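Below is one structure, written out as structure tokens; comments come after it.
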Amino acid sequence: MENKEILDLIYKMFPNPHCELEYFDDFSFLCAVVLSAQTTDKAVNLVTKPLFLKYPTVFDIASSSEDELIPILRPIGLMKNKSHYLIKISKAIVEGYGGKVPHDFNELIKLPGVGRKTANVFLAEIDKRPAIALMLFLVTYLIILLLRLIRMLIA
Numbered sequence: 000m001e002n003k004e005i006l007d008l009i010y011k012m013f014p015n016p017h018c019e020l021e022y023f024d025d026f027s028f029l030c031a032v033v034l035s036a037q038t039t040d041k042a043v044n045l046v047t048k049p050l051f052l053k054y055p056t057v058f059d060i061a062s063s064s065e066d067e068l069i070p071i072l073r074p075i076g077l078m079k080n081k082s083h084y085l086i087k088i089s090k091a092i093v094e095g096y097g098g099k100v101p102h103d104f105n106e107l108i109k110l111p112g113v114g115r116k117t118a119n120v121f122l123a124e125i126d127k128r129p130a131i132a133l134m135l136f137l138v139t140y141l142i143i144l145l146l147r148l149i150r151m152l153i154a
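Each residue of the sequence shown is one higher than the one before, starting from 0 at the first, in numbering that gives the first Met the number 0.
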């Protein structure tokens with residue numbers, strides 16, 4: 000099967016893909032993606048509402064403390080690490096980019112806690128850039144999960 004055929008099949012299977020994370024600007028989306036590690040989008044949406052009501056801007060989070068963020072992030076787990084990274088990311092954006100999230104892959108991955116996957120997800124959603132590599136990664140991951148499930152059922 001050719002790459003184009005695979006992509007056509009994926010687009011046929013998922014004609015209107017959309018992100019489940021709720022956000023109101025590029026900074027809130029970047030935070031939501033970082034918070035989504037090891038939890039569900041639904042759980043992230045429950046904590047981003049109170050988080051951004053109390054800390055609506057990158058400047059607000061940059062000037063907050065981990066102790067202030069931890070109670071808000073507690074429901075999604077790993078709250079110490081996630082609060083630490085949200086503050087570090089926020090400070091880096093304030094200090095290095097004047098409070099504006101960079102829209103360049105190489106600049107995004109320089110941010111603390113932002114790796115290739117997070118940068119690709121961010122650019123695919125916010126800038127509507129094609130993220131074929133990410134899509135293929137997800138399809139591969141689903142195939143691996145299906146193969147494991149089949150092995151479990153056969154065994």
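Just so you know, even glycine gets a beta-carbon here, dropped at the ideal spot from N, CA and C. All figures in this text were calculated on a predicted structure; none of them were measured in a lab.
* Among MET151, VAL33, PRO55, which one has its Cα closest to the Cα of LEU85? -> Closest by alpha carbon: VAL33.
* Could you give the residue range of the alpha helix (DSSP H) that holds ILE75? -> Element bounds for ILE75: n/a, residue is neither H nor E.
* Work out the CA separation of LEU29 and ASP103 for me, nearest whole Å. => Their Cα atoms are separated by approximately 13 Å.
* Asked: In whole angstroms, what separates the C-alpha of ARG128 from that of LEU146?
  -> Between the C-alpha atoms of ARG128 and LEU146 there is a straight-line separation of about 30 Å.
* Contact between the region 49-61 and the region 75-90: three or more CB pairs below 8 Å? -> Cβ pair count under 8 Å is three or more, so yes.
* To do: Just mark PHE23 as buried or exposed, buried being the case when its beta carbon has 16 or more other beta carbons within 10 Å.
  => Taking every protein chain shown into account, the CB of PHE23 has fewer than 16 other CB atoms within 10 angstroms, so this residue is exposed.
* **Simplified DSSP assignment, three categories, for ASP103** => It is coil, neither helix nor strand.
* In terms of residues, what are the limits of the alpha helix (DSSP H) holding ASP25? -> Where ASP25 is concerned, the enclosing alpha helix (DSSP H) stretches over 25-34.
* My guess is that ILE108 and VAL57 are in contact by the Cβ rule of under 8 Å, so how many angstroms apart are they, rounded? -> No, ILE108 and VAL57 are not in contact; Cβ-Cβ is about 18 Å, not under 8 Å.
* LEU20: which of LEU148, ALA154, GLU124, ILE153 sits nearest, CA to CA? -> By alpha-carbon distance to LEU20, the top candidate from LEU148, ALA154, GLU124, ILE153 is GLU124.
* To do: Tell me where the alpha helix (DSSP H) around ALA42 begins and ends.
  => For ALA42, the uninterrupted alpha helix (DSSP H) run begins and ends at 40-53, by DSSP.
* Asked: Under 8 Å, do SER89 and ILE60 count as touching if we go by C-beta distance?
  -> In this structure, SER89 lies near ILE60, with their beta-carbon atoms less than 8 Å apart.
* If I'm right that SER64 touches TYR54 with Cβ under 8 Å, what's the distance once you round it to whole angstroms? => Not quite, the Cβ-Cβ distance comes to about 11 Å (not below 8 Å), so this is no contact.
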